[in-house]
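Chains as they are written, first to last, in the working numbering: chain A, 1 to 336; chain B, 337 to 838.
Only one structure is covered here, and it is reproduced in the block below.
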Amino acid sequence: MKHYLNQLVASQYFSFVVTVLLFVILYAAGIMTYKGFMRPQVFLNLFIDNAALIIVTVGITFTLLIGGIDLSVGAVLALCCMVLAYLLEFTTVPVGLAILIILLMGIGFGALQGYIITKFDLQPFIITLAGMFFCRGLTAVISRDTISITNPFYVELASTRIQLGVGFISVGAVIALLTLLIAAIVLGYTKFGRTVFAIGGNESSASLMGLPVFRTKVMVYTISGFCSALAGVAYSLIMLTGYNLHGLGMEMDAIASSVIGGTLLTGGVGFIPGTLFGVLIQGVILTFITFQGTLSAWWTKIVVGALLCVFIVMQAFITEHKSKLSSKSSMESASK
Amino acid sequence: MGKVLLEMRQIDKVFPGVRALSKVDFTLREGEIHSLMGENGAGKSTLVKVLTGVYPRDGGTVTMEGKEIFPRTPKEAQECGISTVYQEVNLCANLTVAENIFIGREPRKYGFIDWKTINHRAAELLHTLNVDIDVTKTLDHYSVAIQQMIAIARSIDVSAKILILDEPTSSLDEEETQRLFKIVRKLKDQGMGIIFISHFLEQIYDLCDRITILRNGELVGAYDVATLPKLDLIAKMVGKDVSAVRDMEVAAEKSQPSDEVFLSAEHIGATGQIFDVDLKIHKGEVLGFAGLLGSGRTETAELLFGVHPISQGEIKINGKKLDLKDPMTAMEQKIAFCPEDRKVAGIIGDLSVRENIILAMQAKDGILKHIPYKEQVKIADDCIKLLSIKVSSREQLIKNLSGGNQQKVIIARWLATQPELLILDEPTRGIDVGTKTEIQKMAVALAKKRGMSVIFISSEMDEMVRTCTKLIVMRDRRKVAELENDEISSENVMKAIAGGAA
Ligand SMILES: Nc1ncnc2c1ncn2[C@@H]1O[C@H](COP(=O)(O)OP(=O)(O)OP(=O)(O)O)[C@@H](O)[C@H]1O
Ligand SMILES: [Mg+2]
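Rendered as structure tokens:
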């Protein structure tokens, strides 16, 4: 039994198991407290409301996996919402083309950040912080005021409900689920994905093993930029506006979700399904507060903050425990 | 003789403050095992890294099979057909064993990585090296020796024309080494050109066909192994004449231990690791722990340093019974332990040589006590001189030192704490011949002049025979014999290990 437990703690999925368990417990507590929690739609709403956050978190997880970070995601999202709203309201650009344009913007901006960081070996923290200021500023330059999206097709798209029998989800939620699926496959089953993990584990080793480190790092930031833009689409589908303060602080929520989902900030360890549950946990807490009715939504932040502390400490504990275990097992193997 | 496979001409490489290579020529033929020899810091690894595109070269040409090549990254070198195991273990601890072997060239099915095949083939491949482990566990579950085998497995599995092994045997035991050699010979018979670097002379003479010698980044010459006696080889490496080398080889007179006992351990053991070991170590004594790898030598030493708590018996220091519950307590008792796995434990790459040397002293004194800069400089300079550490200045970052010199810094770190008992676990692995004898002499000198007690652990028998005044022979985690004075000889140790009581 003890052995089994040791194995579990040492396994890569321990953090994930804890996260899922926590989610289940929270959800069960919700069901016991409020009858409304029982409705399947409440569960599906988690995906609808958090579609943008899920997509952003997927992008940021890529950067965390290589031991980097991307602080610009929230600002890129805001910029994309704004450009989209501007194009749809003040020009005759069709919806499809407008979306294409903002996605390319995200890709281009991410690639640029990635290139600068990798080429000149700069701190991703600083470069993406600069990127964040730049995008926020640019958003405000386009318009200080909220631009509402009234394009009939887009509004139609925003209110489309995809029926699932027990309930429905939105277009944004579908995009989020697809993003999760693709990201999980890319990270688990492609050369690119595995190189991401290798770089996070040990960058110089990865390079000595002959892996394309430069290209992969640039790609990672490009993906993060793309995800931010895509999240911009999902976000505008909910808000139907472009506004300078959209997605403010979203990078922090995304990092928190990713870490709670089992991603190590030092890089090399992370798991996409965990990331999803990281977001869902935040969503459940918010739902709780909504049901409760009188509590401020800021309580979500307080709880998430506390959770984050717990998870970081837990990760440190696991790492230490693991190194103890491995020194033991190497001794055992030596004794054979 | 085979066709010329690789020609490097007039290779130059300059690092800030060091001329690592100047006008070096190197020729490798098909079906040849070619050794690069030289002291620590001679430029062997740098030559390998210049060849494989880790460092850009500052001058010279590289031709492979008649065509000039310019690999700029290890990836491009691999594409040219050069497969390399670098001196530092170059794998990723967070990936599984199987993935470490196959990453970058994963077999795929329908465009996606085929994990089943990877795991299956990795297990098979390691099996040919007699390593039977769970390949789906992450790399950090395994010891450095196994990691080394995994790195080797990775390098020999690709169909390359040139295989480079930079000190692959420094953490392997005899048996593992022989297995590696068998495979290397097979690759040689298939016409591969192999570059092999090691500081173990016997291995060079056992395996290699040709030797290229470097000294201080310059080419001394290339020779056939058969026509180059050992002494000449050493003389060429260190740049002295043969008679001087012969003098160097003469062992220093052993120390005379005093009657005072520094540490005595009675029936100590730790569950599952060590059973019932008795030992006494006198002041001024060089005590050797002999035995095969895994016989419990390191573990016994670790018990004396408080790395693991003892579960039976007792340890007395200066006659007082003590509970060595952690290394800190042991350090307070003036015990220092220089560990075997210096590749993983130990160096802090971004600190200077001086700072790395001061580290253990600082830890012992507590972080609040400031060691005056002047004193730090003096200690660092003393150590650099004593161990002939090759640095451009004491402020050089340790990560820029050659592998062997990094190891010397770690030894220096423990010396600087002025211990009364110094435990040296495999201090001469990966260290060049000249310095090897220096370290042996140093151990003896510390015991003789300062009355220090030294525990010396090594797999090289003649080294133990030369330096130790008493030998404890271990087998299967037990002490099987104790040899003193005239009884100390390789045969007696072998006999004891083999089971016949000496
Ligand atoms: N990245 C670097 N930056 C600066 N100097 C370096 C760097 N790498 C190596 N050197 C210097 O180049 C010289 C040659 O080092 P190299 O690693 O090639 O030695 P080596 O022959 O492999 O020695 P060893 O037997 O100890 O491994 C050393 O003086 C070392 O300090
Ligand atoms: Mg070297």
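A virtual CB, placed ideally from N, CA and C, is assigned to each residue, including glycine.
Assigned secondary structure, Q113/A (DSSP; H/G/I helix, E/B strand, else coil):
helix
Scan the region 713–797 of chain B and note each continuous beta strand (DSSP E) run of 3 residues or more that stays entirely inside, going in chain order.
Listed in chain order, they are 757–761, 789–793.
For chain B, find out if any of its Cβ atoms is closer than 8 Å to the Cβ of V218/A; answer yes or no.
no
Helix, strand or coil for Y86/A, going by three-state DSSP, please let me know.
helix
Got a sec: does ligand 1 put a non-hydrogen atom nearer than 7 Å to the Cβ of V354/B?
yes
Check whether the Cβ of G553/B sits closer than 7 Å to any heavy atom of ligand 2, and report yes or no.
no
Starting from M400/B, trace the beta strand (DSSP E) in both directions and tell me its first and last residue.
395–400
Using a Cβ-Cβ cutoff of less than 6 Å, which residues in the same chain neighbour F37/A once the five nearest sequence positions on both sides are dropped?
G30, I31
Assess contact between the region 714–730 of chain B and the region 745–761 of chain B, defined as three or more Cβ pairs (one per stretch) separated by less than 8 Å. Is contact present?
yes
Can you list the residues of chain B that A198/A reaches, using a CB-CB cut of under 7 Å?
C428, L431, I439
Evaluate W750/B with the Cβ neighbour count: other Cβ atoms within 10 Å of its Cβ, from every protein chain shown; 16 or more gives buried, anything less gives exposed.
Under this definition W750/B is a buried residue.
Can you check whether the CB of T216/A is closer than 8 Å to the CB of V196/A?
yes
Just grab the DSSP bridge partners of D568/B for me.
D568/B is not bridged to any residue.
Mapping the DSSP letters down to three states, classify A817/B as helix, strand or coil.
strand
Give the single residue among T464/B, A752/B, V780/B, V384/B whose Cα lies nearest to the Cα of D493/B.
T464/B
Can a CB atom of chain A be found closer than 8 Å to the CB of I746/B?
no
Specify, as a first and last residue, the run of the beta strand (DSSP E) that L501/B falls within.
498–502
Please list, in chain order, the chain E residues whose beta carbon lies closer than 9 Å to that of K411/B.
No chain E appears in the structure shown, which is made up of the protein chains A and B.
Leaving out the 5 sequence neighbours to the left and right, which residues in its chain are closer than 6 Å to T61/A when beta-carbon positions are compared?
S258, T263, G270, T275
Tell me which same chain residues have a C-beta within less than 6 Å of the C-beta of A334/A, skipping the five on either side of it?
The pLDDT assigned to A334/A is 39, lower than 50, so where the model puts this residue is not dependable; a value taken from the coordinates is nonetheless given after this. Taken in chain order, the list of residues that qualify is empty.
Decide if R582/B is buried, meaning its Cβ has at least 16 other Cβ atoms within 10 Å, or exposed.
Under this definition R582/B is an exposed residue.
Cβ neighbours of F438/B in the same chain (closer than 7 Å, five flanking residues each side left out):
I454, A458
Please go through the same chain and pick out, in chain order, the residues whose beta-carbon is closer than 6 Å to the beta-carbon of A626/B, but skip the five residues on each side of it.
M800, L807, V809, V829
If you drop the 5 nearest sequence neighbours on each side, which residues of the same chain put their C-beta closer than 6 Å to that of R490/B?
I437
Determine which residues of the region 104–119 of chain A have a Cβ less than 9 Å from any Cβ of chain B, and write them out in chain order.
none
Take G655/B and list the residues in its own chain whose beta-carbon comes closer than 8 Å to its own, dropping the five residues that flank it on each side.
V597
Count the other CB atoms within 10 Å of the CB of F120/A; is the residue buried (16 or more) or exposed (fewer)?
exposed
Check whether chain A comes within 8 Å of E621/B, counting only Cβ atoms and requiring the distance to be less than that.
no
What does Y221/A pair with, by DSSP beta-bridge criteria?
None; Y221/A has no bridge partner.
Give the residues of chain A in contact with Q414/B, contact being defined as C-beta atoms less than 8 Å apart.
Neighbours of Q414/B on chain A, chain order: G210.
Within the region 534–566 of chain B, note down every full alpha helix (DSSP H) run reaching 4 residues or more, in order along the chain.
537–543
Quick one, which of R546/B, K411/B, V769/B, L737/B has its alpha-carbon nearest G575/B's?
Checking every option, the nearest Cα to that of G575/B belongs to V769/B.
Under 8 Å, Cβ to Cβ, is there at least one residue of chain A near F625/B?
no
So E435/B contacts chain A; which residues on that side make the cut at Cβ distance below 7 Å?
R194
Completely contained alpha helix (DSSP H) runs for the region 584–656 of chain B, where each covers 4 or more residues
633–640
Could you check what DSSP says for T363/B in three-state terms: helix, strand or coil?
T363/B: strand per DSSP, three-state reduction.
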